[in-house]
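Everything in the sequence shown is counted per this note's numbering, starting at 1 for the first residue and increasing by one.
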Amino acid sequence: MCLTSLPITPITNVYKTWFFASPVCKLIPLVQGASVFVSTFSLSAIALDRYNLVVRPHRHPLRSRGASVVALLLWIISALVCMPYGWYMDVVRIGGLCGEFCTEKWPLPEVRKGYALMVLVMQFILPFATMAVCYYTIFARLRERTESKLKKLSERSQLLESAVGNSSPSAKTENGAHTVTLEEQQRLSVLASQRRTTTILASMVLLFGFTWLPHNVYTLIIEYDEAFFHNGESDNTYIVSMIAHLISMTTNVANPILYAWLNPSFKEMLLTSIRGKTRKQDKQSVKDTIIRVTKSTENTQEKAF
1 MCLTSLPITP
11 ITNVYKTWFF
21 ASPVCKLIPL
31 VQGASVFVST
41 FSLSAIALDR
51 YNLVVRPHRH
61 PLRSRGASVV
71 ALLLWIISAL
81 VCMPYGWYMD
91 VVRIGGLCGE
101 FCTEKWPLPE
111 VRKGYALMVL
121 VMQFILPFAT
131 MAVCYYTIFA
141 RLRERTESKL
151 KKLSERSQLL
161 ESAVGNSSPS
171 AKTENGAHTV
181 TLEEQQRLSV
191 LASQRRTTTI
201 LASMVLLFGF
211 TWLPHNVYTL
221 IIEYDEAFFH
231 NGESDNTYIV
241 SMIAHLISMT
251 TNVANPILYA
261 WLNPSFKEML
271 LTSIRGKTRK
281 QDKQSVKDTI
291 IRVTKSTENT
301 QEKAF
């Protein structure tokens, strides 16, 4: 998406003309559209994979080879879905305007509207529903496990308290305080983990919905009423299009944060990797310094002789 969008999309939107060849007009929208579908399909695949890991832990997890096959299938399906979009793109001249434009040329308006509805369902509604159902089910299952852990902690605490009750008064005070402190720490740890999981799961679904909903609503409105964003003599279509496009692209920045940085294991691995790299650099720096000092000493000794 970055390779095809960054060089061409800004140039086209700023100069509002098509500087590239006609085959590029068909190829670039096809690749961009397929990239968007792969992105949303991948989020759905991740949700389904996590669903199987949490809700169905006895099933075999997806191996690297299986993940490669899934990724290939997602690209094939995305390319097939976007094939009509690329096929009906063409470079045209519009009367009263300068330059050439890469735009859609559908044979019938009904075909274009039907394709727009299909894109809405496959690119937004279906992935959003998949993520919502999977993550809600995961949340419910994790909540059950959290309640079970808290119940076990409470039962263990009661057993320890009853055991302490049969000991001496001084031992009761010391052991009782230690038991309460340990139980409270474990309980807070379980609750913190549950809150973090809830935040991540809810953020994933809400982020996808909030970032892609404006773009899909805008596209659907334009397909059925091109004059909807006209206000008297002014046409706000271009501004609304850019805002919706900008909002939808923020998901590419936010997803790595949600899927990685909010994961404590990832943060620990990243920080460990950085520390390890820093230590290697420090060791290499010390080694280089020793080599330089040694060479300098040898040169000094040679000059002395």
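Backbone N, C-alpha and C define an ideal beta-carbon position, used for all residues, glycine too.
- Of the residues T17, P214, L246, the one whose Cα lies closest to the Cα of C102 is T17.
- By the C-beta criterion, the region 124-144 is judged not to be in contact with the region 235-255, since fewer than 3 inter-stretch pairs fall below 8 Å.
- Rounded to the nearest whole angstrom, the C-alpha separation of L72 and W87 is 22 Å.
- Of the candidates H230, R145, S68, the residue whose Cα lies closest to the Cα of V55 is R145.
- Looking at the DSSP output, F101 bridges to V92.
- Per DSSP, N255 is one residue of the alpha helix (DSSP H) stretching across 251-256.
- For F19, the closest C-alpha among the options I76, D90, A244 is that of D90.
- Apart from the 5 residues on each side of it in sequence, G33 sits with its Cβ closer than 6 Å to the Cβ of C82, Y85 in its chain, given in chain order.
- Collapsing the DSSP output to three states places N236 in coil.
- By the neighbour-count criterion, in which 16 or more other beta carbons inside 10 Å mark a residue as buried, N216 falls on the buried side.
- Cα atoms of M249 and I239: separation of roughly 15 Å, rounded to the nearest angstrom.
- Boundaries cannot be given for Q123, as no alpha helix (DSSP H) includes it and DSSP labels it neither H nor E.
- Note: N231 is bridge-paired with S234 in the DSSP secondary-structure output.
- Here DSSP, grouped into helix, strand and coil, assigns K16 to coil.
- CA-to-CA, the gap between L108 and E147 works out to about 57 Å.
- When only Cα atoms are considered, I274 and A260 end up about 16 Å apart.
- Nearest to L30 by C-alpha distance, out of I8, L43, S78, is S78.
- Taking the Cβ atoms as the reference, A45 lies roughly 17 Å from L80, outside the contact range of under 8 Å.
- By the Cβ-count criterion, L53 is exposed, with fewer than 16 other Cβ atoms from all chains shown falling within 10 Å of its own Cβ.
- Annotation: the continuous alpha helix (DSSP H) that includes P23 extends over 22-55.
- Here the region 124-133 makes no contact with the region 60-71; the two share fewer than three CB pairs at distances below 8 Å.
- Collapsing the DSSP output to three states places H60 in coil.
- If you draw a 10 Å sphere on the C-beta of V92, you find fewer than 16 other C-beta atoms in it, and that means exposed.
- Taking the C-beta atoms as reference points, K113 is found nearer than 9 Å to E223.
- Taking 9 Å as the cut-off, the beta carbon of I257 is found no closer than this to the beta carbon of P214.
- The three-state reading of DSSP puts P107 in coil, since its state is none of H, G, I, E or B.
- Between R50 and C134, the gap from beta carbon to beta carbon is short of 9 Å.
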